[in-house]
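Quick note on the numbering used here: the sequence shown kicks off at 40 and runs consecutively. The structure under discussion appears below in the form of structure tokens.
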Amino acid sequence: MDQTLELQLNKACLTPPEQEEFVKLHQDPVTILQMGEGNFLRGFFDWMIQQARNQGIYQGSIVVTQPTVRGKDKIDGLRKQDGLYTLVLRGIENGVPVERKERISVFSSALNPYEDWESFLKLAENPDLQVVVSNTTEAGLVYRPELYIEGEALASFPGKMTQFLYRRYVTFAGAVDRGLLFLPCELLERNGDELLACILRYSEDWGLPEAFTRWVKEHNQFLCTLVDRIVTGYPAAEAEAWFEEWGHRDPFLCTAEPYHFLAIEGDPSLEAWLPLQRAGLNVHWVKDLTPFRLRKVRLLNGAHTLMTPLAILYGLEHVREVMENEAFNGYVRRVIQEEVIPSVPLPEQELKDYAESIYERFLNPFIHHRLYDIAMNSVSKFKVRLLPSLLYYSDHGLALPQGITCSLAGLLRYYKVSKTEQGYVGTTLAGTKYTVRDE
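Right, dumping it as structure tokens:
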């Protein structure tokens, strides 16, 4: 294997059709500002935009920028690669192993606000801009008091957005049709509401006009989202072999599972701004995210909590091992089908279909999800994920479901531990030691 391969992905590496698309991308208007240069958005939202562009139903490009000073190297690296990177989707799809390589070309530019704050604010003056998408992690979508000094980049993501919106408000004299659509993808419940609340606090802190505050609330849309895709990032074990096969390196190579899901609490008419459903993607514009969040917590997260203590006691280490074990596979499927689904107040067939997609994801040979990681804080997780199902049967005067009560027994046995210098230590049924790592 040639580990001295020096050519790095850039526009010169593109095929003629890809080069045509690259030229068109840079001719199209900038319609999206992306706050976050990390793996998740590149393996999720940017891939979605690429699908829409591939089908000719979206004519817009993305300016990507970093939310923290630490992102400088990534922004510089994306510039060096002309905004290009490779995404490999691999896993189980409809029961069949799949592996698909896709070139992602959606970034028309990459901007560092800490080096060029004015250029960042100038984006707000772009009349074509419609959408701001973000993933700054849960730690990034918070209010922290900070001073605004003219000409200096703000540290926080919501602080940046406050000044960005104020520049847009001033530029267009508060025009009602120049508001933006915000799609925060941070894993926070009611993330859109949280972003708006932070912006309003900064506006008050900095003494911005009340008319601006009204414009923010009335003519911009801060939509709550629920996102779901496992993005596994850079595949260190396979990367060098792939680079040799491709003839170039790609430090921004990213991998993800095929499954994807995005629910947006907003009017379906906004599909005109982002035609993601039309592109055939698993995207839903909904009135209320609650059912989708409930489905995820009770089935996907619930299945994890159902299996984990028992599987650890039987010496298993990863989720995939659990699903490859005939006895455990049957147990998980039976409990979800016969005990959990009847207790969840959502359409039965929808829940069954969702459960099948979960089992495929659990069997993905490229994802190594450790049971010990899932086991952290298992009691609090059980209360949220499985206890509501137990209470459903109790409240309706029905016999308690055997599978969930078996999981509860396993949970109690898992926490039968002794305090040692190394922490709280338990033993599996075979006598192997394990450490309970609760926060």
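All residues carry an ideal CB built from backbone N, CA and C; glycine is no exception.
Apart from the five residues on each side of it in sequence, which residues of its chain come closer than 6 Å, Cβ to Cβ, to residue i?
i: glutamate 378; result: Pro440, Gly442 and Ile443
i: leucine 219; result: Val171 and Asn259
i: lysine 140; result: Val127
i: aspartate 67; result: Gln98, Gly99 and Ser100
i: leucine 429; result: Ile443
i: leucine 339; result: Ile397
i: cysteine 52; result: His287
For residue i and residue j, what's the separation of their Cα atoms in angstroms?
i: leucine 193; j: leucine 450; result: 46 Å
i: valine 358; j: alanine 394; result: 15 Å
i: threonine 125; j: lysine 111; result: 20 Å
i: aspartate 41; j: glutamine 47; result: Its pLDDT being 49, under 50, aspartate 41 is placed unreliably in this model, and the value from its coordinates should be taken loosely. Distance between the alpha carbons of aspartate 41 and glutamine 47 is about 14 Å.
i: threonine 466; j: leucine 352; result: 7 Å
i: arginine 391; j: threonine 54; result: The displayed chain sequence assigns lysine, not arginine, to residue 391. Whole-angstrom Cα-Cα distance: 42 Å.
i: glutamine 105; j: alanine 149; result: 9 Å
i: threonine 175; j: leucine 437; result: 45 Å
i: leucine 355; j: arginine 81; result: 33 Å
i: threonine 347; j: asparagine 93; result: 41 Å
i: tyrosine 463; j: aspartate 477; result: 9 Å
i: alanine 280; j: threonine 294; result: 15 Å
i: tyrosine 205; j: glutamate 284; result: 49 Å
i: valine 475; j: leucine 410; result: 12 Å
i: tyrosine 130; j: isoleucine 269; result: Going by the sequence as given, residue 130 is glycine instead of tyrosine. C-alpha separation (whole angstroms): 11 Å.
i: glutamate 191; j: leucine 234; result: 21 Å
i: glutamate 76; j: serine 419; result: 33 Å
i: glutamine 316; j: valine 456; result: 50 Å
i: tyrosine 431; j: serine 382; result: 6 Å
To which residues does DSSP link residue i through a beta bridge?
i: aspartate 267; result: Phe300
i: methionine 74; result: Thr104 and Ser173
i: tyrosine 208; result: Answer by DSSP bridge pairing: none, since tyrosine 208 is not bridged.
i: threonine 459; result: Gly462
i: arginine 409; result: His357
i: alanine 149; result: Val103
i: alanine 295; result: Leu128 and Val270
i: valine 69; result: Ser100
To which residues of the same chain is residue i closer than 7 Å at the C-beta, ignoring the five residues directly before and after it?
i: glutamate 60; result: Ser144
i: arginine 240; result: Tyr182
i: threonine 566; result: Examination of residue 566 is not possible in this model, given that the chain is present from 40 through 478 alone.
i: tryptophan 312; result: Gln169, Val170 and Leu220
i: leucine 328; result: Cys263, Leu265, Ala302 and Glu304
i: alanine 469; result: Gly354
i: valine 374; result: Leu345, Gly442 and Ile443
i: alanine 278; result: Leu292
i: tryptophan 245; result: Tyr187
Does the beta-carbon of residue i have 16 or more other beta-carbons within 10 angstroms, so that it is buried, or is it exposed?
i: methionine 415; result: exposed
i: proline 248; result: exposed
i: glycine 122; result: buried
i: alanine 133; result: Looking at the sequence itself, residue 133 is asparagine, so the reference to alanine does not match. So asparagine 133 ends up on the exposed side.
i: isoleucine 397; result: buried
i: tyrosine 273; result: exposed
i: proline 56; result: exposed
i: glutamine 73; result: buried
i: glutamine 461; result: exposed
i: histidine 435; result: exposed
i: alanine 163; result: buried
i: glutamate 296; result: buried
i: glutamine 89; result: buried
i: threonine 271; result: buried
i: proline 223; result: buried
i: valine 361; result: buried
i: valine 102; result: buried
Does DSSP classify residue i as helix, strand or coil?
i: glutamate 395; result: helix
i: histidine 323; result: strand
i: tyrosine 97; result: coil
i: histidine 357; result: strand
i: cysteine 224; result: coil
i: arginine 288; result: strand
i: glutamate 141; result: strand
i: phenylalanine 261; result: strand
i: tyrosine 473; result: strand
i: threonine 166; result: As written in the sequence, residue 166 is proline, which differs from the threonine given in the question. It is coil, neither helix nor strand.
i: valine 135; result: strand
i: leucine 46; result: coil
i: glutamine 181; result: Sequence inspection shows valine at residue 181; the glutamine mentioned does not correspond to that position. Residue state, collapsed to three classes: coil.
i: serine 195; result: coil
i: glutamate 59; result: helix
i: tryptophan 156; result: helix
i: leucine 117; result: helix
Under 7 Å: does the beta carbon of residue i sit that close to some heavy atom of the ligand MN?
i: glutamate 365; result: Although the ligand MN was asked about, the structure shown includes no ligands whatsoever.
Which residues in the same chain as residue i place their Cβ atom closer than 8 Å to its Cβ, once the five residues preceding and following it in sequence are excluded?
i: lysine 50; result: Gln58, Phe61, Asp121 and Leu123
i: glycine 341; result: Ile375, Val379, Arg424, Leu425 and Ser428
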